[in-house]
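Chains C and B, in that order, give the protein sequences. Our numbering puts the first residue of the first sequence at -5, with every later residue one more than the last. Our numbering puts the first residue of the second sequence at -5, with every later residue one more than the last. Even for Gly, the Cβ is constructed at its ideal location relative to N, Cα and C. Treat the numbers as computed from the prediction; the structure is a model and nothing was measured. Heads up: the structure comes next, in structure tokens.
Protein chains: 2
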Amino acid sequence: MGKKIQPDSCGLGPAFQVIGGKWKALLLWLVHQEPRRFGELKRLVPDVSEKMLIQHLREMEADGLIHREVFHEVPPRVEYSATELGISLDEALEPLAHWGKKHAEEIAARRREAAE
Amino acid sequence: MGKKIQPDSCGLGPAFQVIGGKWKALLLWLVHQEPRRFGELKRLVPDVSEKMLIQHLREMEADGLIHREVFHEVPPRVEYSATELGISLDEALEPLAHWGKKHAEEIAARRREAAE
DNA sequence: TATGGTACGCACCTGCAGGTAAGTATTGAG
DNA sequence: CTCAATACTTACCTGCAGGTGCGTACCATA
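Quick look at the structure:
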């Protein structure tokens, strides 16, 4: 044996498992820039539903990517920030983001002509 | 104006659009190592259905990530290889793969204890 | 004539990621 | 005593990514 097959022998399995959600990468990116409040994220990403917003934030918190801090104030206040692990992931994501920006036009053009 | 909101202001939009499929990143990785035949990929990734295999390969071809070459031989033969664009994507994916391998244990442990 | 291997194409179906909309607790302002 | 603002919570529903299974065209060999 030893000649087993590779389902995700490249290391992408765990990575995608953790940022696979529709909005997770974007949220990590925003939260990495500076600590963000729940409502702030909601305003910044108006297309995400509140349900998925907390769900993704909670999962990322459980995975150790972000930190959740509650301020016991008059109107409730919660701030999300990136942990070291989250920061390292966001940095590992940067080349991909760079690739995306660089080839965005090319991709879009190809898709347009593919649709005829 | 100018102060528009960011759905994918980080460049990840196009990137995920192109490798978002369940097996695409893995396929790109395999095809980047060396040209692969259809049946070879099928054997290497036994969990993928034939339908998704061609579908993903065709989409990646349309997006210019891989090249498809048909050899008109007795038993039909097709080889898939990575284009320059595909290679650049795979390279941009490498830091993420590295991150995944590095933190695979940590992530898995966290998920185990989260499930109780 | 039949059988087997390759690289597909297609119709049908299911699960679950994600969306929608309503409700909750707290407290200060008016 | 109502209202507004925050940060959730919960039940319900839908779409589509992906899976299953079978059919096809080609030829070589036996």
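Reducing DSSP to helix, strand and coil, say where residue i ends up.
i	result
S3 of chain C	coil
V12 of chain C	helix
G(-4) of chain C	The predicted model places G(-4) of chain C with a pLDDT of 34, which falls under 50 and marks its position as unreliable; any figure quoted below should be read in that light. Reduced to three states, the DSSP call for G(-4) of chain C is coil.
E55 of chain B	helix
E85 of chain C	helix
E63 of chain C	strand
W119 of chain C	Summary: the structure shown does not reach residue 119 of chain C, with chain C confined to residues -5 through 110, and so no result is reported for it.
W23 of chain C	helix
Measure from the alpha carbon of residue i to the alpha carbon of each residue in the options, then state which is nearest.
i	options	result
W23 of chain C	B:V68, B:S3, B:K95, B:A9	B:S3
E55 of chain C	C:H97, C:K95, C:I81	C:I81
A103 of chain C	B:R105, B:L51, B:D57, B:E28	B:D57
L79 of chain B	C:E99, C:E28, C:R106	C:E99
G5 of chain B	C:R106, C:R52, C:Q49, C:H97	C:H97
L51 of chain C	C:R106, C:A108, C:K95, C:H26	C:H26
A9 of chain B	C:P69, C:V68, C:K95	C:K95
L59 of chain C	B:E53, B:I101, B:E34	B:I101
By Cβ distance, which residues of its chain are closer than 8 Å to residue i, with the 5 residues on each side in sequence left out?
i	result
V39 of chain B	W17, L20, L21, L24, L47
K36 of chain B	V42, E44, L47
P70 of chain B	V64
G(-4) of chain B	For G(-4) of chain B, the predicted model reports a pLDDT of 35, less than 50, meaning its position is unreliable; a value from the coordinates is still stated below. Cβ within range, chain order: n/a, list empty.
Output needed for residue i: all residues of its chain with C-beta closer than 6 Å, excluding positions within five of it in sequence on either side, in chain order.
i	result
P29 of chain C	E73, S75
F32 of chain B	V72
Just list the residues that DSSP pairs residue i with in beta bridges.
i	result
R31 of chain C	C:E73
Task: Segment contact, 8 Å Cβ cut-off, at least three pairs: the region 61 to 68 of chain B with the region 1 to 21 of chain B - done: Short answer: they don't touch.
Open item on the list: Count Cβ pairs between the region 73 to 89 of chain B and the region 79 to 90 of chain C that sit closer than 8 Å; are there 3 or more?
Closed with: Put simply, the region 73 to 89 of chain B touches the region 79 to 90 of chain C. At least three CB pairs are less than 8 Å apart.
TODO: Determine contact between the region 39 to 47 of chain C and the region 74 to 83 of chain C, defined as no fewer than three beta-carbon pairs at a distance below 8 Å.
DONE: Segments in contact, no.
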